[in-house]
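Residue numbers (my numbering): 3 to 117.
For every residue, glycine included, the Cβ atom is placed at its ideal position computed from N, Cα and C.
No experiment lies behind these values; they were computed from the predicted model shown.
In what follows, a structure is listed as structure tokens, so that the remarks can point back to it.
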């Protein structure tokens with residue numbers, strides 16, 4: 003089992019920045035790709051960004067050039083740096099990690115972009 007705990011969400015004004023963290027614990031050996039997904043009210047959960055164990059990254063078109071995904075394998079932690087935030091980025095952000103083909107999810111972190 004892998005436990006994922008997100009932190010760093012909150013309220014920010016348009017144009018501002020936030021950094022989300024995702025701390026992994028438990029059976030962390032063998033964790034491969036980590037990712038961030040988000041779900042806005044009334045919408046389906048969508049991919050934001052992923053990063054492989056060798057740090058190859060992938061981004062949704064809507065966040066390219068604004069968000070940066072990274073990971074620190076020594077700390078078993080993933081990050082999502084979010085810059086130039088827009089109101090449409092408002093959502094619950096979920097951390098995801100895949101270990102031996104099984105996906106694990108965090109509890110979610112609320113990000114609200116509003117003036």
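May I ask which residues mark the beginning and end of the beta strand (DSSP E) holding residue i?
i: residue 114; result: 111-115
i: residue 26; result: 20-28
i: residue 40; result: 33-41
i: residue 17; result: It is not in any beta strand (DSSP E) - residue 17 carries neither H nor E in the DSSP assignment.
i: residue 8; result: 4-9
Select from the options the residue whose C-alpha is nearest the C-alpha of residue i.
i: residue 85; options: 7, 22 and 75; result: 22
i: residue 44; options: 99, 93 and 103; result: 93
i: residue 57; options: 64, 73 and 51; result: 73
i: residue 48; options: 64, 34, 33 and 35; result: 64
i: residue 5; options: 13, 11 and 28; result: 28
i: residue 80; options: 36, 103 and 3; result: 36
i: residue 110; options: 13, 98 and 30; result: 98
i: residue 108; options: 39, 61, 87 and 55; result: 39
i: residue 83; options: 51, 105 and 3; result: 51
i: residue 24; options: 114, 75, 62 and 41; result: 75
i: residue 67; options: 114, 77 and 87; result: 87
i: residue 7; options: 104, 102, 32 and 95; result: 95
i: residue 19; options: 70, 61, 103 and 106; result: 70
Run through DSSP, which three-state label would residue i get?
i: residue 12; result: strand
i: residue 48; result: strand
Mind pulling the beta strand (DSSP E) runs of 3 or more residues that sit fully within the stretch 50-109? 59-61, 69-74, 79-84, 93-101 and 104-107
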